[in-house]
Amino acid sequence: MKTICAILLLAGCASGERQDAEGFVELFDGKSLDGWSAPDLSYWSVQDGAITGEATPKHLPPYNQFIVWQGGKVRDFDLRFKFRITGAKANSGMQFRSTVKEKGLVWGYQADIALNGPYLGGIWDEYGPRKSLAARGESVVIDEAGKRTVTRFADPADLVKGVNIGDWTDYRILAQGNHILLELNGRKVSELVDGDKEHAALEGVLAMPIIPEPMKVQYKDLRLKRL
Numbered sequence: 005m006k007t008i009c010a011i012l013l014l015a016g017c018a019s020g021e022r023q024d025a026e027g028f029v030e031l032f033d034g035k036s037l038d039g040w041s042a043p044d045l046s047y048w049s050v051q052d053g054a055i056t057g058e059a060t061p062k063h064l065p066p067y068n069q070f071i072v073w074q075g076g077k078v079r080d081f082d083l084r085f086k087f088r089i090t091g092a093k094a095n096s097g098m099q100f101r102s103t104v105k106e107k108g109l110v111w112g113y114q115a116d117i118a119l120n121g122p123y124l125g126g127i128w129d130e131y132g133p134r135k136s137l138a139a140r141g142e143s144v145v146i147d148e149a150g151k152r153t154v155t156r157f158a159d160p161a162d163l164v165k166g167v168n169i170g171d172w173t174d175y176r177i178l179a180q181g182n183h184i185l186l187e188l189n190g191r192k193v194s195e196l197v198d199g200d201k202e203h204a205a206l207e208g209v210l211a212m213p214i215i216p217e218p219m220k221v222q223y224k225d226l227r228l229k230r231l
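Residues in the sequence shown are numbered from 5 upward in steps of one, following our numbering.
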């Protein structure tokens, strides 16, 4: 019996997660919102084989709406997914190591997705006091006291040259300890080493938001590898 249990644990069966050959788990079945939850699912559906968040002029949310993966807290991980987004003021992102608060709002790290401004590819502190943690093209180290040291490793405009986020775009979040790395279409876009004793988070939930503006965002091929 002990041998059988060990085999099941190695296969990921004990947790209900079925891993592929690389150790990744699919977070979305491509046809339903099973395994995902939101306070108001009227803003969320499955379209085109993708988790879809949509706000229209006739159906705008009163505040940001989040859909949260129900697989529990994630600590060290490699998360890969595809997204596309439309809408004049559209803004979304992938929350990670985050916390669900009142009204279903999700606080914490966000890998930003936005059509306008410098936000795409940056690391944001959603609802937190620190706001932008690492902008696109920046490598940032935050010490225990919260002091930031910023190194610019690339021109932010060059990093998204030729990228059309109205079409499917690859995103990767790699988090190990206090080190966070974001990649867009296989290219490093931002990096953070967060040693802030008061604010850094080492585990939390995964979630995606929409904002109170006409917009549509879609996510598919969500694959998670716990490290």
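Glycine is no exception: its CB is placed at the ideal position from the N, C-alpha and C atoms.
Computed from a prediction, not measured in an experiment: that's the story for all the values here.
Closest Cα partner of residue i within the set the options
{"i": "P66", "options": "P216, A138, S136, W40", "result": "P216"}
{"i": "I71", "options": "V145, L83, V104", "result": "V104"}
Which of helix, strand or coil DSSP assigns to residue i
{"i": "S96", "result": "strand"}
{"i": "L196", "result": "strand"}
{"i": "D162", "result": "helix"}
{"i": "K220", "result": "strand"}
{"i": "R22", "result": "coil"}
Status (buried if at least 16 other CB within 10 Å, exposed otherwise) for residue i
{"i": "L186", "result": "buried"}
{"i": "L45", "result": "exposed"}
{"i": "T60", "result": "exposed"}
{"i": "Q69", "result": "buried"}
{"i": "S96", "result": "buried"}
{"i": "G125", "result": "buried"}
{"i": "A92", "result": "exposed"}
Identified DSSP bridge partners for residue i
{"i": "P213", "result": "F70"}
{"i": "H63", "result": "T60"}
{"i": "I177", "result": "L83, L186"}
{"i": "S49", "result": "T56"}
{"i": "V167", "result": "DSSP output for V167 lists no bridge partner at all."}
{"i": "E30", "result": "R227"}
{"i": "W40", "result": "W73"}
Secondary structure, beta strand (DSSP E): runs of 3+ residues fully inside the segment 83-150: 95-104, 110-118, 127-130, 135-138, 142-146
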